[in-house]
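What follows is a set of notes on a single structure, which appears directly below.
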Amino acid sequence: MNRDNGPGVRVPEQRAPQERTAGASLRFTVLGPVRAWRGSVLLPSGSPQQRALLAALLLRDGRTATAGELIDALWGDDPPSQALATVRTYASRLRKILGQDTLVSESGGYAVRIAREALDLTAAQDLAAQAEKARGGGDRCRARTLLNELLGLWDGEALASLPGPYAENQRTSLEEWHLQLVETRLDLDLEVGCHAEAVSELTALTASHPLRERLRELLMVALYRSGRQAEALAVYADTRRLLAEELGVDPRPELAQLQQRILRADEELARPADEPAAAPAPVRPAQLPATVPDFTGRDAFVRELGARIATAEGSVMAVSALAGIGGVGKTTLAVHVAHQARRHFPDGQLYVDLQGAGNRAAEPETVLGAFLRALGTADSAIPDSLDERAALYRSALDGRRILVLLDNAHDAAQIRPLLPGTEGCAALVTSRVRMVDLAGAHLVDLDVMSPEEALRLFTRIVGDERVRSEREAALDVVAACGFLPLAIRIAASRLAARRTWTVSVLAAKLADERRRLDELQAGDLAVKATFELGYGQLEPAQARAFRLLGLADGPDISLAAAAALLNLDPHTTEDLLETLVDTSLLESAAPGRYRYHDLVRLYARACAERDEQPPVEKDLALSRLLDFYLATAAGVYALERPGDRLVTHLEPTQYPGLTFENRHSALDWLYSEANCLLACAQQSTGTSTLRRAVDLLWAAKDLAESGANSKQYESAALKTRDAAQTCGDAHAEGRARTTITNVHIVAGRFDEADAEAQLAMQLARSADDPVPNCWAPNDRGVVAIYQGRHEEGERYLLQAIDNFRADGNYVGQASALCNLSRIHVSLGRISSAIELAQQGIDIYDRMGLSLRLANGRYALGIALTRAGRLSEALNQLTEALALFHDNRQPLWEGVTHFRLAEAHLAAHRPTLAAAHAEQAIALRGIGGEWRRGTVLTVLGKALDTIGQPDRARACWREALAIYEQLGAPEAEEARLLLTPVAAA
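For the sequence shown, this note's numbering assigns the number 39 to the initial residue and increments by one for each residue that follows.
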């Protein structure tokens, strides 16, 4: 078969231009129902048999079909007596619709003359040819894009509902071609690392085409690369059994060889089998920061490091670690060397600031996640654990030549998981500490500049004309700076910005600081002294901004947040911050966002401790920042959940927050500010700010359920809880324990969740606080659902409903009603379960709640599934899925896919059930590993039904292992599902 041009369709001969464009305004489709369009108007094409005649003409590429050929196409060996007259009637009708220039009569037959691009099949053939050419040229991403565009031309079954032997033969050929194209596109999916996403589609396709071995092969590879080796091997066992039963043959050799490679855990399967290891990656990161235009000196180090990392080609990974005090120019040198070495690393360069000098160094697993995304790995394919991410990272780098710049490292333990580990790659590391425990690393100690280098740097910034006449004064300045590059840059920048100053004026101003530097020891104290040079020249308003901004713990700060902290309007704040950027004391991370170099932040805080008057201003500044975040987050919460009483129970704020035009812009702010907001909450655990910090976590609870910021949210919640317990604040402790309860539920730690909620209920009573008094029993009811304690859960949820009602919190009441619906489902009270869920939905509808409405439809879908009203259940769950997606709740998307899998399984649609279960696995979901076990159980049932029992058993075995580790009662069901295997 000619894959370029499709099934049974030859490339048409060239025609004169006028013939090729006679029907240019028309377009036709055959990759689905046969239709004709003129512009955007759908034309009537007659009865199925008349459309069959039109299809027969369209598929002849403009060649004439005789009347006899058309009769054979429509009726085969058994034409009616009036067949010829009928053909002529059909042709006459079509000519009136299409025009006589389009359907022409010649040589006793008929032909359709249209432009090549007017038929969807020829457009598909052209796209297929382009895709094959792109793939042959190594551009897999473009080939994949073209194939997706091509496959999008299909609209169901080709030549749908057309009668006649010709249509049937062409339909079969087109279906085969379609499958070949899908296989090619899936093969490309695997080559570019989208194996996790491919599993769902491949599972459905192998169910529809169980004897197609190529699909089984692709499924095995996709599962293997997703870390599901047992399932991959089970696919082979299922295939071998099915082929023996149906055809009496063994799997083809390629499939058997793949099984052996999986058994050996062949690392070559981690990359495309048909391409060399050094093939260019589909995604080529270029993350290096810009090098400074006035880079000066360090010639010996540039040569040494450049030669070292150039040796990575053809050898084991080269690692060079630069160490030195803050401000000595480690990052500047490393970035400069990295840019010069780019030609040695054509597959890309990765960069990260590891924030090692601060008190919140970057977590290796977080950095690995960012690196994997930069290398083209889909989010759903990135595993959770550090070890799994590190292994996938090394696999992604295998065969590539990539430079990794790890800036500002804390210690060797932080960077070990981030090292490539393969030949052809290199790593440059900068740190304040010497990496003596980093095996195999080339260590470089970076000292201050020589006087000549320091003077050259100063001259390049200030200008040769100003320095030439005052060389001695310039030498005094760089000496006062301790020859540290950062201090020289600060001093020179100040002089460059003041055209009326001479170098001697600057030297005189630095005289006192120079004496102070002479008295200080080496190391960080010298760095601190260099910052005095820039700080001492700030205007009072600039100095105040510099001191107070350094108090905030977030990785950076937005203009709006900085305005709150400084208690200034945004325009004045921006002017001040930009002047600090000009002095190199502050960095502009992005438009409207600012950050400190970590050492400058420490110095700014020291200045605040020393100089801020009155001292209480430091606390007031952080209090305003906390107010800003709490007021803004409360506004986001209210916009997301109109009518929810929580916002009326939050601590009052003195400083206002931002307002948003719509829900989407509010969510954009919440997720973009997540790191800073949570850092503020974690920082604000003093007696005067603790309650507001806890309430900030309540207002930002979406961050706990989104999955993206769950770990940082949990850290902040634990710190506020411990602080509240220490100071004996029952009000704050009760609320903090309720936020932690939610974190544990999301992670599937149900025993811990119940323990926290129980304490929260006790604290709520003593503090007379309606927030945990309502939500803690609701959460205990949710935990009871998961743990199978249904009667107990019912009591908690009825208590929660009464408490919500007493508080006038209709939104909370709706949530508890929906949860109670799930209890009634488990107790077999299906009618009341449906009624309860509907009551919740009615409340959500009245309040205009989008996100909570998704939870209501989710609960109703579960109840309808148990009632056997599967069509309604699927509608509810599908709507819930769309709402969760719109509200950026991937974990809830995961559990909804799981429920859709259950509903499709009950509706005897196991292929769709398996597809949704696979998507649930890819997205994970509320409940952590426990949830993964439940999804694997349902996936196994679906696979068993579609004739893949070995893979089903692999799923059940994995589920059983999860349940046994957690001590979950669902382990008994998994054992029962596996019992037939034991009996055999």
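Where is the CB? At the ideal position from N, CA and C, for every residue including glycine.
Give the secondary structure of Gln452 by DSSP, where H, G and I count as helix, E and B as strand, and everything else as coil.
-> helix
Express the C-alpha separation of Val619 and Thr610 in angstroms, rounding to a whole number.
-> 14 Å
Would you say the beta carbon of Glu403 comes nearer than 7 Å to a heavy atom of the ligand NAD?
-> Within the structure as shown, the ligand NAD is missing, as the structure has no ligands at all.
Pairing CB atoms from the region 475-492 with CB atoms from the region 520-531, are three or more of them under 8 Å?
-> yes
What residue ranges within the region 146-215 form continuous beta strand (DSSP E) runs of no fewer than 3 residues, ordered along the chain?
-> 147-150
Leaving out five residues on either side along the sequence, give the residues of the same chain with a beta carbon under 7 Å from the beta carbon of Gly344.
-> Val375, Gln378, Ala379
Which runs of the alpha helix (DSSP H) fall wholly inside the region 758-786 and span at least 4 residues, in chain order?
-> 768-785
Would you tell me roughly how many angstroms separate the C-alpha atoms of Ala822 and His828, rounded to the nearest one?
-> 6 Å
So which of Gln393, Asp425, Arg398, Gly394 has the shortest CA-CA distance to Gly407?
-> Asp425
In whole angstroms, what separates the C-alpha of Gly886 from that of Pro680?
-> 7 Å
Which residues in the same chain as Ala785 place their Cβ atom closer than 6 Å to its Cβ, once the five residues preceding and following it in sequence are excluded?
-> Gly966
Report the partner residues of Glu144 according to the DSSP bridge assignment.
-> Gly147
Classify Glu1008 as helix, strand or coil using the three-state DSSP reduction.
-> coil
Three-state secondary structure (DSSP) of Thr67 = strand
Return yes when the Cβ of Ile881 is within less than 8 Å of the Cβ of Gln851, no when it is not.
-> yes
7 Å CB neighbourhood of Gly588 in its chain, flanking five on each side removed | Tyr634, Arg639, Ala642, Arg643, Ala646
Gln825, DSSP secondary structure in three states = helix
Quick one, which of Ser211, Asp391, Ala517 has its alpha-carbon nearest Leu456's?
-> Asp391
Go through its chain and collect everything with a Cβ distance to Arg662's Cβ below 7 Å, but skip five positions before and after it.
-> Ala602, Leu603, Asn605, Tyr693
At what residues does the alpha helix (DSSP H) containing Tyr693 begin and finish?
-> Run containing Tyr693: none; DSSP gives neither H nor E here.
In three-state DSSP terms, what is Asn925?
-> coil
Name the DSSP bridge partner or partners of Glu306?
-> DSSP output for Glu306 lists no bridge partner at all.
Secondary structure at Asn747, three-state DSSP: helix, strand or coil?
-> coil
Who pairs with Val390 in a beta bridge, going by DSSP?
-> Leu444
Which partner residues of Ser358 appear in the DSSP bridge assignment?
-> Leu466, His480
Option nearest Gly673 by Cα separation, candidates Leu734, Glu235, Ala529, Asp924 | Leu734
Run through DSSP, which three-state label would Val849 get?
-> helix
Helix, strand or coil for Tyr262 per DSSP?
-> helix
If we count the other Cβ atoms within 10 Å of its Cβ and call it buried at 16 or more, is Ser859 buried or exposed?
-> buried
Helix, strand or coil: how does DSSP classify Arg250 here?
-> coil
Are Glu132 and Leu69 closer than 8 Å when you measure CB to CB?
-> Just to set this straight, residue 132 is Leu in the shown sequence, not Glu. No.
By how many angstroms is the C-alpha of Gly478 removed from the C-alpha of Ala774?
-> 46 Å
Quick one: Cα of Pro291 to Cα of Leu1004, how far?
-> 41 Å
Contacts around Met473, its chain only, beta-carbon distance under 6 Å, and the 5 residues preceding and following it disregarded = Ala359, Ala450, Ala479
For Glu461, which three-state DSSP category applies?
-> coil
Use the C-beta contact count for Pro608: other C-beta atoms within 10 angstroms, 16 or more gives buried, fewer gives exposed.
-> exposed
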